[in-house]
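Take any residue in the sequence shown, count from 1 to its spot, add 11: that is its number in the working numbering. In this text, a Cβ means the ideal position worked out from N, Cα and C, and glycines have one as well. One structure is given here, and the rest of the page talks about it.
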Amino acid sequence: MPLDGVTVFAVHAHPDDEAIWTGGLLAHLARRGADVIVVTCTLGEQGEVIGEPYQNLVAEHSDQLGGFRIRELQDSLAALGVRGIHLGAPGQWRDSGMAGDPSAAHPRALVNNLDQATEQLRELIAEYDPELLITYGPDGGYGHPDHIAAHTITHRAAPEHIRILWAVTLEEDLEAGFAGIRSIPQTWHRADAEIARVEHADIRLALSPAEQAQKVAAMRAHATQIWIADGSVSATNPVPAQAEADTPVFALSNLIAQPVTASESYQIGAGPQLPREATDVFDEVCEIYELGEDELARLPHCGKED
Numbered sequence: 012m013p014l015d016g017v018t019v020f021a022v023h024a025h026p027d028d029e030a031i032w033t034g035g036l037l038a039h040l041a042r043r044g045a046d047v048i049v050v051t052c053t054l055g056e057q058g059e060v061i062g063e064p065y066q067n068l069v070a071e072h073s074d075q076l077g078g079f080r081i082r083e084l085q086d087s088l089a090a091l092g093v094r095g096i097h098l099g100a101p102g103q104w105r106d107s108g109m110a111g112d113p114s115a116a117h118p119r120a121l122v123n124n125l126d127q128a129t130e131q132l133r134e135l136i137a138e139y140d141p142e143l144l145i146t147y148g149p150d151g152g153y154g155h156p157d158h159i160a161a162h163t164i165t166h167r168a169a170p171e172h173i174r175i176l177w178a179v180t181l182e183e184d185l186e187a188g189f190a191g192i193r194s195i196p197q198t199w200h201r202a203d204a205e206i207a208r209v210e211h212a213d214i215r216l217a218l219s220p221a222e223q224a225q226k227v228a229a230m231r232a233h234a235t236q237i238w239i240a241d242g243s244v245s246a247t248n249p250v251p252a253q254a255e256a257d258t259p260v261f262a263l264s265n266l267i268a269q270p271v272t273a274s275e276s277y278q279i280g281a282g283p284q285l286p287r288e289a290t291d292v293f294d295e296v297c298e299i300y301e302l303g304e305d306e307l308a309r310l311p312h313c314g315k316e317d
């Protein structure tokens, strides 16, 4: 089903989240013609840095990482075939850091500005009128304060009729991915039980080889944050890493090996429900929304048969 004329928002906390959590779905929707817009709330200033060349960018040294990550985000969005908007303005809201970090006390930290951030997102929704919103669940996926904030402002800003999807990691897909890892780089380690996952999802999207490749390319663009174990190097991280596995393998700065699963999964956080075992986020969207003739005309994929 083509999605020309459909607008989708993905509301993410930091650069790289769009690739890790939703890269496959965003690429999939863009391939079908949707106008996919990633709304990024912060610049990820509190992140660590993989690779030696740019270690001094971190917050406790030069505090220049956020600006560097703008380019990484741009390259990631290009790989996915989507476009992006910085909530408010680039750098208006700052990465709050992990739970318990003193960085959360910064006056520009996202967690301290939920009311204004909500209003900014509400204005964007009114301007672009998306049919679908994508973010995280109430726990932010793994408890990061900015992920929880992104969830909060999305639900506060969204009109009642808009479907909101929560990006989740399905346990069976994660375990299958781990089972397919035969070897990892020497400096990496396995900590499978530490990766957050859920037992249930409303939507499970099997990624095509092309979509998975786009997702990996988007992840690779965030070279300060993500290390792909495929032997590739970059100016940011000139050290190659190689894994042997059935699917691509990556690590964050904690060097815990993780699979890039062959599927992405989502739960319905708000809005119309989907048919059981749905594989398409727009299944029965026209009937569920009970769209009028003017709205049907605006959504070509809802066109009636002659």
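Tell me whether residue 94 is buried or exposed, calling it buried when 16 or more other Cβ atoms sit within 10 Å of its Cβ. exposed
So which of 97, 66, 12 and 71 has the shortest CA-CA distance to residue 21? 97
Taking the DSSP output, what are the residues bridged to residue 95? 49
If we ignore side chains and look at the alpha-carbon of each, how far apart do residue 67 and residue 117 end up? 20 Å
Selection from 214, 27 and 135 that minimises the alpha carbon distance to residue 58: 27
Going by the beta-carbon positions, is the gap between residue 256 and residue 191 smaller than 7 Å? yes
Between 138, 235, 278 and 282, which lies nearest to residue 262 when the distance is taken from Cα to Cα? 235
In three-state DSSP terms, what is residue 88? helix
Taking all protein chains shown into account, decide if residue 213 is buried (16 or more other Cβ within 10 angstroms of its Cβ) or exposed. buried
DSSP state of residue 156 mapped onto helix, strand, coil: DSSP places residue 156 in helix when its eight states are reduced to three.
Distance, residue 233 Cα to residue 82 Cα: 9 Å
Taking its Cβ as the centre, do 16 or more other Cβ atoms sit within 10 Å of residue 106, making it buried, or is it exposed? buried
Nearest-angstrom Cα separation, counted from residue 273 out to residue 184: 8 Å
DSSP beta-bridge partners of residue 146: DSSP output for residue 146 lists 177 as bridge partner(s).
Which stretch, first to last residue, makes up the alpha helix (DSSP H) that contains residue 34? 28 to 42
Flag this pair as yes or no: are the beta carbons of residue 121 and residue 52 separated by less than 7 Å? yes
Indicate whether residue 99 and residue 75 have their beta-carbon atoms separated by less than 7 Å. Contact flag unset, no.
Outcome for residue 194 when other beta-carbon atoms lying within 10 angstroms are tallied against a minimum of 16: exposed
Taking just the CA atoms, how far does residue 196 sit from residue 249? 15 Å
Evaluate residue 15 with the Cβ neighbour count: other Cβ atoms within 10 Å of its Cβ, from every protein chain shown; 16 or more gives buried, anything less gives exposed. exposed
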